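Report on the following structure.
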Amino acid sequence: MFSFKVVAESGTTRARAGLLQTAHGAVETPVFMPVGTLGTVKSLSPEELFDCEVGIILANTYHLYLRPGCEVIRRFSGLHNFMHWDGAILTDSGGFQVFSLAKLRTITEEGVTFQSHIDGSQHVLTPEKAIEIQICLDADIMMCLDECIQYPADRGNAKGALELTTHWAARCKQTWQEHPDSAGALFGIVQGGMFKDLRAMSADALVEKDFSGYAIGGLSVGEPKDLMFEIADFTLPRLPDAKPKYVMGAGTPADLIELMALGADMFDCVLPTRNARNGQMFTKFGTINICNSRFKDDPDPVETGCRCYTCQNYSRAYLRHLYMAKELLAYRLNTIHNIYFYISLMKRVRTAICEDRFNEFRKEFYIEREHI
RNA sequence: GUGGGUGUAGCUCAGGGGUAGAGCACCAGGUUGUGGCCCUGGAAGUCGCGGGUUCAAAUCCCGUCACUCACC
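Residue 32 in our numbering sits at position 26 of the first sequence, with consecutive numbering throughout.
Spelled out as structure tokens, the structure:
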């Protein structure tokens with residue numbers, strides 16, 4: 007069911023356009039996947055996502071496992087039906103959350119024991135269980151359980167984490183293969199901190215195991231931007247060009263442009279949704295903070311020329327009013343715009359790649375931002 | 001009318017002789033495999049008003065005004 011093919015390549019960079027076929031529709035790449043941790047892209051209905059031309063969202067194994075739990079979702083035959091979303095779903099394995107949210111986690115070769123951040127209850131997450139849960143969720147793309155490390159991390163920690171991630175990847179694949187009925191794909195996750203030789207070791211070991219696609223984890227964790235690009239630049243070419251390449255957790259619009267230039271196909275990031283809820287709006291001219299008093303009586307839309315529902319119908323003054331009054335509609339309208347901005351940015355990049363003018367687009371992107 | 005209490009930043013209040021403070025609100029940054037949170041800065045006061053004591057008063061004393069409670 008799952009397949010990927012490259013349909014166009016940029017002549018001057020490693021940027022490429024592709025087509026991802028999933029059990030829930032085809033997805034054009036490069037693609038941005040809005041984050042819908044709990045089975046909802048915060049504040050938006052599936053219809054609104056559809057109107058923003060979203061084709062695939064990201065949901066989270068750790069969160070959905072703790073609440074509402076697999077049994078509930080199984081009763082609805084999976085997350086798509088449960089949340090009323092017909093598009094594709096990629097599920098993060100929960101590795102990142104175990105290390106960012108859970109208290110008192112203990113990690114062993116077997117798996118991770120952790121306490122729920124919700125009620126303190128004890129749980130064990132093994133590679134096998136992470137896959138079982140994702141199959142239960144009926145994810146179109148599943149992620150291997152991985153160990154995330156903090157930045158900065160010394161070489162020993164980075165090496166230990168990548169080796170564990172590699173061992174876990176083999177067990178994830180084994181479990182995945184034991185469920186041929188599942189239509190979902192399985193991606194491996196490259197770790198290795200900021201050490202190139204470790205990144206190479208991690209990537210090579212995963213490629214040897216042959217996954218449906220490959221992700222680069224452990225970036226955008228506080229390291230300098232140059233370093234993030236350096237590691238991505240080094241790692242992306244080591245992954246097979248015939249497979250989709252996913253940079254997890256990145257980033258700003260500019261980050262995405264640069265990572266696409268390096269050959270990345272898939273992205274997820276909380277910035278457009280979280281920042282929408284904090285009043286920061288993305289536009290082709292740069293970001294604006296809708297709570298700034300200068301917008302108090304501004305009749306213009308957030309971004310002149312934007313075709314999103316929010317910009318077509320509401321002024322900056324009204325959005326600022328909603329935001330300052332903490333009205334629920336503020337979260338929704340702001341999120342619609344930011345998601346639309348990210349999705350349309352990817353579409354514009356894809357068109358540029360197909361017309362072999364990615365570099366021209368990239369230049370225009372930076373020039374436009376100087377005219378706010 | 002009598003007695004008590006309270007007047008300090010837009011709001012709620014600390015501080016009881018030694019450079020005027022906090023929280024919220026406001027103004028502005030930040031946010032990168034999500035709790036809507038959180039973090040960092042900034043602006044803001046004739047300490048109700050008028051006198052007095054003191055080297056020095058938001059602080060002690062006298063007067064006065066406002067609000068408030070109790071009792072006539």
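All residues carry an ideal CB built from backbone N, CA and C; glycine is no exception. All of these numbers come straight from a predicted model, not from anything done at the bench.
Contact between the segment 52-69 and the segment 342-352 is present: three or more C-beta pairs spanning the two stretches fall below 8 Å. Counting the other Cβ atoms within 10 Å of the Cβ of Ile373 gives fewer than 16, which makes it exposed.
Sequence-distant Cβ neighbours of Lys202 in its own chain, meaning closer than 6 Å and more than five residues away, are Phe240. The beta carbons of Leu168 and Met207 sit closer together than 8 Å. Taking C-alpha positions only, Leu262 is separated from Glu366 by approximately 16 Å. Residues of the same chain with a CB within less than 7 Å of the CB of Gly42, apart from the 5 flanking positions on each side, are Ile63, Leu64, Ala65 in chain order. Within the segment 193-257, the complete beta strand (DSSP E) segments of 3 residues or longer fall at 219-222, 251-253, listed in chain order.
Straight across, the Cα-Cα distance linking Thr132 with Leu151 is about 8 Å. Following the DSSP letters along the chain, one finds Pro186 in no beta strand (DSSP E), marked with neither H nor E.
In the three-state reduction of the DSSP assignment, Cys275 falls in the strand class, which pools E and B. Counting along the chain, Ser350 sits inside the alpha helix (DSSP H) bounded by residues 334-360. In this structure, the CA atom of Met266 is about 14 Å from the CA atom of Ala221. Nearest to Thr67 by alpha-carbon distance, out of Gly31, Leu143, Cys312, is Leu143. In this structure the segment 310-321 does not lie against the segment 73-86, because fewer than three pairs of beta carbons, one per stretch, are closer than 8 Å.
By the criterion of at least three beta-carbon pairs nearer than 8 Å, the segment 98-116 is in contact with the segment 150-164. With a beta-carbon spacing of about 6 Å, Gly45 and Leu70 fall inside the 8 Å limit used to define contacts.
DSSP, reduced to helix, strand and coil, places Arg22 within a strand of the structure shown. In the three-state reduction of the DSSP assignment, Ala65 falls in the strand class.
Annotation: the segment 106-185 contains the following complete segments of the beta strand (DSSP E) (minimum length 3 residues), in chain order: 109-113, 118-121, 128-131, 147-149. For Tyr315, the CB contacts under 6 Å within the same chain, skipping 5 residues up- and downstream, are Ile342 in chain order. Ranked by how close their Cα comes to the Cα of Leu26, the residues Glu134, Leu96, Asn298 have Leu96 in first place. Under DSSP, the beta-bridge partners assigned to Val12 are Gly24.
At a Cβ-Cβ threshold of 8 Å, Lys165 and Leu204 count as neighbours. The three-state reading of DSSP puts Asp304 in coil, since its state is none of H, G, I, E or B.
Shortest Cα-Cα distance from Phe273 to any of Ala238, Thr289, Lys302 involves Ala238.
Assigned with DSSP and collapsed to three states, Thr310 falls in coil, not helix or strand. Restricting attention to Lys215, Ala175, Asp146, the CA atom closest to the CA of Asp187 is found in Asp146. Boundaries around Asp261 are those of the alpha helix (DSSP H), 259-267, since no beta strand (DSSP E) includes it. DSSP lists Gln27 as the bridge partner or partners of Ala32.
For Thr293, the enclosing beta strand (DSSP E) starts and ends at 292-295.
Distance from the CA atom of Leu351 to the CA atom of Ser83, rounded to whole angstroms, is 34 Å. Residue environment for Arg338: buried (at least 16 other C-beta atoms within 10 angstroms of its C-beta).
Residue environment: Arg300 is assigned as exposed (fewer than 16 neighbouring CB atoms within 10 Å of its CB, all protein chains considered). The residues Thr293, Ile294, Ile296, Val308, Asn340, His343, Asn344, in chain order, have a CB closer than 7 Å to that of Met287 in the same chain once the five nearest residues on each side in sequence are set aside. Spanning the alpha carbons of Leu277 and Trp91 requires a straight line of approximately 22 Å. The Cβ-Cβ distance between Val253 and Pro36 does not fall below 8 Å.
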